[in-house]
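Colleague: Residue numbers (our numbering), protein chains in the order written: chain R, 696 to 961; chain L, 496 to 1022.
All residues carry an ideal CB built from backbone N, CA and C; glycine is no exception.
Since this is a predicted model, take the numbers as computed values, not measurements.
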Amino acid sequence: MKKLLFLALAMALALSFTGCTKQEETVETAPATTETVETSAPAETATTDVAVMSYEEYMAAELDTQVCVETYVQAKQSWWEDKATVYTQTPEGAYFVYDMACSQEDYDKLVPGTKIKVTGYKAEWSGEVEIMDGSFEFVEGADSYIAEPIDVTELLASEDLINYQNQKVSFTGMVVEAAGQDAEGNDVAFLYNWDGSGSDGDDLYFNASYGGNTYTFTIESYLCDNTTEVYEAVENLQIGQTIDMEGFLYWYEGVNPHITAVTVVE
Amino acid sequence: MRVLRNIIILGLVLLLGGCHGSKESVSFQVPDALGLERSFELTFWAKNDTNKTQTDIYKQAIEEFQALYPNITVNLRLYTDYGKIYNDVITNIATGTTPNICISYPDHIATYLTGDNVVVPLDDLMDDPTYGLGSSELSFVSPTKEQIISKYLEEGKIANHYYAMPFMRSSEVCYINKTFVEKLGYTLPEHLTWDFIWEVSEAAMAKDEAGNYLLNGQQVLIPFIYKSTDNMMIQYLAQADAGYSNEQGEVLIFNDTTKDFLQTIAKHTASGAFSTFKISGYPANFLNAGQCIFAIDSTAGATWMGADAPLIDISEDALVDFETVVMEIPQLDPDDPKMISQGPSICIFNKEDPQEVLASWLFVQYLLTNDIQISYAQTEGYVPVTYLAQDDKAYQDYLAAAGSDDDLHYDVKLQATNILLANVDNTFITPVFNGSSSVRDTAGQLIENTVKAVRRKETVDDAYFAQLFTDVSALYHLDEITTTDAKRDLGPLPPTAKMLIGSLAVVWCGLFVAFIWQIRQKKREKR
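Shown next, in the form of structure tokens:
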């Protein structure tokens, strides 16, 4: 009787464990399926057909209207949950494309020079004019174009500078100024975050002067992270050095260039 | 026979234990003592408001704590965005590399809890006689459970267990250009209402022939800007006693009150009287440039608000001079005000080594000590979460010195702080469950999409809202949220569950047979 009972219990337990194991295998392990946002085709994404605009027509278009441009990728800033933010430019002007619907596979193909057709809405956020809620397609068989940076150093104090918004630009012969102070009160050439509250990997902020005026420049960590040459170059800047820079003429409550290359010339 | 009984009991224990998931980490048990002879290296993921003083306070706290417990090292990783912390935690749960201590929102913790034993329930730690809250055996003065503001403490409770300790609390307030309100011929009421804000905002839209607004003489004026549209919708629905979600995880937000509110928003967007942070920019920048009258933002954004704000994000020449007044957010019923409670909370992630968890708990408690609570609260419009800190003379002196300078005692910041202190009982939080952060995202998305649609000259009517509800529900997969309503039809049992129940039945039958067999044996022995 005991043997029989043991056998029955052992079998029951074995079956139970099997049940548990199987159940575990079928448990949905993704911790938050409800948190995943479907971004490949957001509800507000532009989808209707719009004629391709010239840069002049785009600039003349009112804010919040649908726009469509053919343009060339110059740099990729970020990709997250099927949305890409990209700097683009044509020989006529530049377009900052913010949070455009984009699969990761397509994002990988957005190499500098690639021609794309972007449809979205013209918007302005804190002075930055951009295309948002957009979608895009590759222009098959198109040529390639990489913009040469235009030197806007002399325009830094000019109201005309905004006409170059989002373009690839350069600054030459600028002098590195103090960006702030460290914990000991010593002047430093750059800060992690605008007030020094960050750490390695965060945005870098530094100042450089020209013609008696000082301007702030940013290494946008999504555009150029802490593995890039420019990030390292800025971390090594010394106050008083003369530098040349390249970057994109981003805007945030005024000019806020996103720098992609720094060369110490003196 | 005793052996047989023990085997059966062990089998049942293993059976039940096995069902809990053998692959998950072991649930945390408070150790008897912290191994002082050992060294511990903890990781603390902390959120700050891109504020150097706040990061300095974290660093100082770590330095002081390490001096008290030289065998514990705390490595700080700084974040400026709750969403980024959430994403990184989710990624690290999968790889088993979560931090030890993390600043989080309870909504996010509810999602982390999807995995068994990922987040440590704090109940036993809080009550532990040696290492618990207020224990005299700690190397610092920790608040007792009763000295933590109970409303804030309860906000960290999920499924009847404490999973988060409050660190700081904030709410939303309305920063007002009083000069503009009075220039328009209005007087600020004792309590703001939605109707008042909409009326004043519409009155500000008059322009001259050149297209400049009469109020500010500029081409740009957005009288009413809301920073967090999630909160805007959530608070309005709470004030209206309308559906949002409930403790069972039911999504109730798609209702007529929501639609009516969106219609109101659409109307004022069409006139240009309203916009949002996501669409136009930071409310503070518009307020400080004389381009906004009512800017609703967190109390933790107070140092950016007003003509004399210590932190400014626009050029000096764009600043205008005006009188800033801070008031509670607009209400539907000023006699029954309701405003959201928010701010950083702290959770502890489970580790294989319970000693490591205990060391983490000590650091969490250290963050609740007076000096840290008071100094961090002073960085923005936060309030300390303990009575101990709030009653501290240093904190009372700080409050009393409101307006004595435009830095530490910046008047606008302290106005915001005082509003929060006076309204603790009027604050609320939304139900927390796995998926609750998606419902929160939904609340904001409904407003953002409506505002965009109006600005883009789309037709915004009943059909639009019907489609909007469908689209946003699909966007955030709200239909996939699992409710805990017992009445809900859960469908047929899965085969594994049937097998489990069958096995249990077999075991109990075995027990019954053994019991009968034992009785018979005893009877035979008597004969």
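On a Cα-Cα basis, can you pick out the residue from L:G712, L:K673, L:Y731 and L:P778 that is closest to N722 (chain L)?
Modeller: The sequence as given places Lys at residue 722 (chain L); Asn does not occur at that position. Residue L:P778 is the option with its Cα nearest to K722 (chain L).
Colleague: Give the residues from the stretch 537-552 of chain L that approach chain R closer than 9 Å (Cβ to any Cβ), ordered along the chain.
Modeller: The residues in question are N543, D544, T545, N546, K547, T548, Q549, T550 and D551.
Colleague: For T848 (chain R), which residues of its own chain have a beta-carbon under 8 Å away from its beta-carbon, when the five flanking residues on both sides are left out?
Modeller: Result list for T848 (chain R): S865, F866, T867, G868, M869 and Y905, in chain order.
Colleague: Excluding sequence positions up to five away, which residues of its chain have a Cβ less than 6 Å from the Cβ of T545 (chain L)?
Modeller: Answer for T545 (chain L): T575, listed in chain order.
Colleague: From I717 (chain L) to A698 (chain L), what distance separates their C-alpha atoms?
Modeller: Between I717 (chain L) and A698 (chain L), the C-alpha separation is close to 12 Å.
Colleague: Of all the options R:S853, R:A878, R:V792 and R:A903, which has the alpha carbon lying nearest to the alpha carbon of K935 (chain R)?
Modeller: It is worth fixing the name first, because residue 935 (chain R) is Gly in this sequence and not Lys. Nearest option by C-alpha distance: R:A903.
Colleague: Less than 8 Å between CB atoms is the rule here; does G796 (chain L) satisfy it with respect to chain R?
Modeller: Not closer than 8 Å to any Cβ of chain R, the Cβ of G796 (chain L) fails to qualify, so no.
Colleague: Among all the DSSP beta bridges, which residues are the ones paired with L814 (chain L)?
Modeller: According to DSSP, L814 (chain L) bridges with nothing at all.
Colleague: Within the 8 Å Cβ cut-off, does D808 (chain L) reach chain R?
Modeller: Output row for D808 (chain L): interface = yes.
Colleague: Going residue by residue through the stretch 929-969 of chain L, where are the continuous alpha helix (DSSP H) segments of at least 4 residues, counting only ones entirely within it?
Modeller: DSSP runs (the alpha helix (DSSP H)) wholly in the stretch 929-969 of chain L: 931-950.
Colleague: Got a sec: is the Cβ-Cβ distance from W774 (chain R) to anything in chain L below 8 Å?
Modeller: Answer no: the Cβ-Cβ gap between W774 (chain R) and chain L never drops below 8 Å.
Colleague: Along the alpha helix (DSSP H) that carries M621 (chain L), what are the first and last residues, could you check?
Modeller: D618 to D622 is the extent of the alpha helix (DSSP H) around M621 (chain L).
Colleague: Going by DSSP, name the residue or residues bridged to G849 (chain R).
Modeller: What sits at residue 849 (chain R) in the sequence shown is Glu, not Gly. BP columns for E849 (chain R) are empty, so no partner.
Colleague: Going by alpha carbons, who is nearest to L886 (chain R) out of R:G880, R:G896 and R:G875?
Modeller: Comparing Cα-Cα distances from L886 (chain R) to each of R:G880, R:G896 and R:G875, the minimum goes to R:G875.
Colleague: What residues in its chain sit with their C-beta under 6 Å from that of T716 (chain R), if we drop five residues either side in the sequence?
Modeller: The predicted position of T716 (chain R) is uncertain, since its pLDDT is 39 and thus under 50; a value taken from the coordinates is nonetheless stated next. So no residue of the chain qualifies.
Colleague: Closer than 8 Å by beta-carbon distance: list the chain L residues that pair up with W889 (chain R), in chain order.
Modeller: T545, listed in chain order.
Colleague: Rounded to whole angstroms, what's the CA-CA distance from V949 (chain L) to V676 (chain L)? Just pull it up for me.
Modeller: Spanning the two alpha carbons is a distance of roughly 26 Å.
Colleague: Given this structure, state the Cα-to-Cα distance separating W774 (chain R) from Y600 (chain L), to the nearest angstrom.
Modeller: So the alpha carbons of these two residues sit roughly 25 Å apart.
Colleague: In the DSSP assignment, what are the bridge partners of M748 (chain R)?
Modeller: In DSSP, M748 (chain R) forms a bridge with R:V764.
Colleague: Does DSSP put Q718 (chain R) in a helix, a strand or coil?
Modeller: Only weak support is given to the placement of Q718 (chain R): the predicted model assigns it a pLDDT of 37, under 50, and the value that follows is read from those uncertain coordinates. Q718 (chain R) falls in the helix class under three-state DSSP.
Colleague: Kindly indicate if chain L contains any beta-carbon less than 8 Å away from that of D794 (chain R).
Modeller: No, because no Cβ of chain L sits closer than 8 Å to the Cβ of D794 (chain R).
Colleague: Is the distance from the Cβ of L563 (chain L) to the Cβ of F662 (chain L) below 8 Å?
Modeller: Against a cut-off of 8 Å, the Cβ pair of F662 (chain L) and L563 (chain L) comes out as no contact.
Colleague: Assuming A797 (chain L) and G876 (chain L) form a contact by the criterion Cβ under 8 Å, report the distance between their Cβ atoms to the nearest whole angstrom.
Modeller: That belief holds up - the Cβ atoms of A797 (chain L) and G876 (chain L) are roughly 4 Å apart, short of 8 Å.
Colleague: Quick check on this structure: which residue in R:G942, R:T922, R:E843 and R:D897 has the alpha carbon closest to the alpha carbon of F912 (chain R)?
Modeller: That would be R:G942, whose Cα lies nearest to the Cα of F912 (chain R).
Colleague: Assign G939 (chain L) to one of two classes, buried (16 or more other C-beta atoms within 10 Å of its C-beta) or exposed (fewer than that).
Modeller: Classification of G939 (chain L): buried, given that the 10 Å Cβ count is 16 or more.
Colleague: Under 8 Å between C-beta atoms, does G939 (chain L) make it to chain R?
Modeller: For G939 (chain L), the answer is no, since every Cβ of chain R falls outside 8 Å of its Cβ.
Colleague: Going by Cα to Cα distance, which pick from R:T909, R:D803, R:L932 and R:A878 is closest to L899 (chain R)?
Modeller: Looking at the Cα atoms, R:L932 is the closest of the given residues.
Colleague: Could you tell me which chain A residues have their CB closer than 8 Å to the CB of N780 (chain L), listed as they occur along the chain?
Modeller: Of the chains in the structure shown, none is chain A; the protein chains are R and L.
Colleague: Can you list, in chain order, the residues of its chain whose CB lies under 8 Å from that of Q718 (chain R), leaving out five sequence neighbours each side?
Modeller: For Q718 (chain R), the predicted model reports a pLDDT of 37, less than 50, meaning its position is unreliable and no value from the coordinates is stated.
Colleague: Could you check what DSSP says for M496 (chain L) in three-state terms: helix, strand or coil?
Modeller: Caution applies to M496 (chain L), whose pLDDT of 43 falls short of 50 and renders its modelled position unreliable; the model cannot decide the point.
Colleague: Where L758 (chain R) and Y816 (chain R) are concerned, what is the direct C-alpha to C-alpha distance, given to the nearest angstrom?
Modeller: Each residue's Cα considered, the two are about 8 Å apart.
Colleague: Buried or exposed: W799 (chain L), going by 16 or more other Cβ atoms within 10 Å of its Cβ?
Modeller: Flag for W799 (chain L) reads buried.
Colleague: Short of 7 Å Cβ to Cβ, which residues in the stretch 564-593 of chain L face chain R?
Modeller: From the stretch 564-593 of chain L, only L573, I585 and I588 have a Cβ closer than 7 Å to chain R.
Colleague: Buried or exposed: which applies to N1024 (chain L), given that a residue is buried once 16 or more other Cβ atoms fall within 10 Å of its Cβ?
Modeller: What the structure shows of chain L is the stretch from 496 to 1022, and residue 1024 (chain L) is not part of that stretch, so it cannot be assessed.
Colleague: For D882 (chain R), I'd like the list of residues in its chain whose CB is within less than 7 Å of its CB, leaving aside the five on either flank, ordered along the chain.
Modeller: Excluding sequence neighbours, D882 (chain R) sits near A873, Q876 and I934.
Colleague: Does any C-beta atom of chain R lie closer than 8 Å to the C-beta of R935 (chain L)?
Modeller: No, R935 (chain L) lies away from the interface with chain R (no Cβ there is under 8 Å from its Cβ).
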